[in-house]
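Here the structure is laid out as structure tokens; the discussion comes afterwards.
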Amino acid sequence: MDEVNQCSISNWYYLYDGKTNPQITPKRITILSKLIYLNDDFIEYLKHDGVVLPESIDNIQKVPNFDSDSDEEEEKYKEVQEKNEQDSDEDDYQVPEFTSLQMEIASAIEEYEEVFPKMNWSAPKDAQWMLSDSKLLRCQTVSDVFLVLKSSSFVTHDVQQAYNNCTDYTPEKEVRRVLALRKWYDVNPSMEFRCFVKNRNLIGISQRDISNFYSFLVSDKDMYREKLVGFWEKFIKNSFPLENYTVDLYISRTGPVFIVDFNVYGPPTSPLLFASFKKGHLASDSTELEFRIIETDAGVMRPSFKMYTGVPMDFFSVENAQSMQDFIEKQQKFQSNE
Numbered sequence: 001m002d003e004v005n006q007c008s009i010s011n012w013y014y015l016y017d018g019k020t021n022p023q024i025t026p027k028r029i030t031i032l033s034k035l036i037y038l039n040d041d042f043i044e045y046l047k048h049d050g051v052v053l054p055e056s057i058d059n060i061q062k063v064p065n066f067d068s069d070s071d072e073e074e075e076k077y078k079e080v081q082e083k084n085e086q087d088s089d090e091d092d093y094q095v096p097e098f099t100s101l102q103m104e105i106a107s108a109i110e111e112y113e114e115v116f117p118k119m120n121w122s123a124p125k126d127a128q129w130m131l132s133d134s135k136l137l138r139c140q141t142v143s144d145v146f147l148v149l150k151s152s153s154f155v156t157h158d159v160q161q162a163y164n165n166c167t168d169y170t171p172e173k174e175v176r177r178v179l180a181l182r183k184w185y186d187v188n189p190s191m192e193f194r195c196f197v198k199n200r201n202l203i204g205i206s207q208r209d210i211s212n213f214y215s216f217l218v219s220d221k222d223m224y225r226e227k228l229v230g231f232w233e234k235f236i237k238n239s240f241p242l243e244n245y246t247v248d249l250y251i252s253r254t255g256p257v258f259i260v261d262f263n264v265y266g267p268p269t270s271p272l273l274f275a276s277f278k279k280g281h282l283a284s285d286s287t288e289l290e291f292r293i294i295e296t297d298a299g300v301m302r303p304s305f306k307m308y309t310g311v312p313m314d315f316f317s318v319e320n321a322q323s324m325q326d327f328i329e330k331q332q333k334f335q336s337n338e
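Following this line, the structure appears as structure tokens:
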């Protein structure tokens with residue numbers, strides 16, 4: 001359990017925020033974030049089936065303004081609302097009003113303008129398609145944050161299944177669940193890398209975005225390798241408490257490297273460009289550091305549409321293609337009219 005706990009953002013963020021542990025680094029080397037500890041009522045709310053938001057949140061109950069020639073769309077919307085109300089009547093669960101939490105989220109959004117939410121270990125990237133800009137997990141309102149948290153299978157995993165692979169599991173050792181609101185930055189996905197550390201040795205680095213080929217990574221591979229290794233040796237090697245882990249790093253446009261996240265060494269962490277990733281080793285017999293990037297267009301690994309978007313499987317048949325598009329457009333219009 002210790003490996004899982006140490007990779008919780010609540011345990012590692014303050015090592016590298018530039019304030020709490022200045023002996024490690026006198027300046028922040030991770031993404032600016034606000035951490036909000038969650039109470040049991042909110043955890044139960046996340047566990048409960050359905051996507052129902054508190055009534056007081058951002059006028060979320062407001063009916064969208066439909067165009068004058070969209071009677072059919074308005075009728076469909078009313079049918080959905082009636083179905084939701086019927087389901088609500090059949091369900092005894094009453095959604096609490098999380099006033100204090102809403103205020104904390106609103107305060108973070110006011111300070112950061114836009115936020116990227118995540119739980120202890122995972123971000124609700126599988127639910128970003130619910131937002132007005134469906135390609136980005138960029139939240140601009142309190143309701144945006146609630147919506148993606150409540151719609152995400154990744155969040156459900158953090159709440160209910162985070163310790164599934166732990167043979168030494170005991171409930172008393174679970175870390176308290178936390179919501180991290182990270183300042184939104186428009187990052188370049190080509191500059192994200194995952195580093196694999198075994199026995200405190202950096203043994204592998206993989207390009208993070210494995211669905212695209214970036215030619216400049218090939219030509220400048222040695223430079224990026226040196227920058228990533230140097231950062232890890234200077235700031236992480238002797239400060240992070242685990243012997244085995246993965247760490248995601250980002251090289252900013254201006255040059256500095258930032259810590260994005262830590263994860264356990266082994267499943268369920270993705271191996272990315274390493275073919276297999278079993279407990280104890282990468283897909284290599286080499287003891288030297290391997291830096292893997294996509295060398296040609298032929299090496300691109302195309303993720304499934306489901307994996308990439310998080311769109312429910314119900315929408316994936318050909319006959320439902322238009323239904324999916326209609327649903328997404330309706331959700332986006334609903335968000336934009338709030």
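Under full-length UniProt numbering, the first residue of the sequence shown carries the number 1, and numbering increases by one thereafter.
Glycine residues also receive a C-beta, built at the ideal position from the N, C-alpha and C atoms.
Quantities reported herein were computed from a predicted structural model and do not represent experimental measurements.
{"Item": "Residues in its own chain within less than 7 Å of residue 17 by CB, not counting five upstream and five downstream?", "Value": "28, 30"}
{"Item": "So residue 190 packs on residue 214, CB below 8 Å; how close in whole Å?", "Value": "4 Å"}
{"Item": "Give every residue of the same chain whose Cβ lies closer than 6 Å to the Cβ of residue 105, excluding the five residues on either side of it in the sequence, and list them in chain order.", "Value": "142, 145"}
{"Item": "Run through the DSSP bridge pairs and tell me what residue 207 is partnered with.", "Value": "193"}
{"Item": "For residue 135, name the three-state secondary structure that DSSP assigns.", "Value": "coil"}
{"Item": "Ordered along the chain, which non-local residues of its own chain (more than five positions away) have a Cβ less than 6 Å from that of residue 225?", "Value": "291"}
{"Item": "What's the call for residue 348, buried or exposed, on a 16-neighbour Cβ count within 10 Å?", "Value": "Outside the displayed span of the chain (1 to 338) sits residue 348, for which this structure offers no information."}
{"Item": "Buried or exposed for residue 223, going by 16 or more other Cβ atoms inside 10 Å?", "Value": "exposed"}
{"Item": "Can you name the start and end residues of the beta strand (DSSP E) that residue 36 belongs to?", "Value": "33-37"}
{"Item": "Please go through the segment 194-262 and give each complete alpha helix (DSSP H) segment of 4 or more residues, from N-terminal end onward.", "Value": "215-219, 221-231"}
{"Item": "By Cβ distance, which residues of its chain are closer than 7 Å to residue 227, with the 5 residues on each side in sequence left out?", "Value": "251, 257"}
{"Item": "Using the C-alpha atoms, what's the distance from residue 123 back to residue 114?", "Value": "15 Å"}
{"Item": "If you run the structure through DSSP and keep just helix, strand and coil, what is residue 170?", "Value": "coil"}
{"Item": "Using DSSP's beta-bridge definition, name the partner residues of residue 28.", "Value": "Paired residue(s): none; residue 28 is not in a bridge."}
{"Item": "Compare the Cα-Cα distances from residue 130 to each of 50, 116, 148 and report the closest residue.", "Value": "148"}
{"Item": "Spatial neighbours of residue 152 within its chain, please: C-beta separation below 7 Å, excluding the five flanking residues on both sides.", "Value": "124, 126, 127"}
{"Item": "Quick one: Cα of residue 207 to Cα of residue 165, how far?", "Value": "26 Å"}
{"Item": "Can you find the residues in the same chain that come closer than 6 Å, C-beta to C-beta, to residue 269, ignoring five residues on each side of it along the sequence?", "Value": "246, 263"}
{"Item": "Should residue 68 go down as buried or exposed, given a rule of 16 or more other Cβ atoms within 10 Å for buried?", "Value": "A caution first: residue 68 carries a pLDDT of 44, below 50, which makes its placement in the model too unreliable to give a value."}
{"Item": "Quick one: using the 10 Å Cβ neighbour count with 16 as the cut-off for buried, is residue 300 buried or exposed?", "Value": "exposed"}
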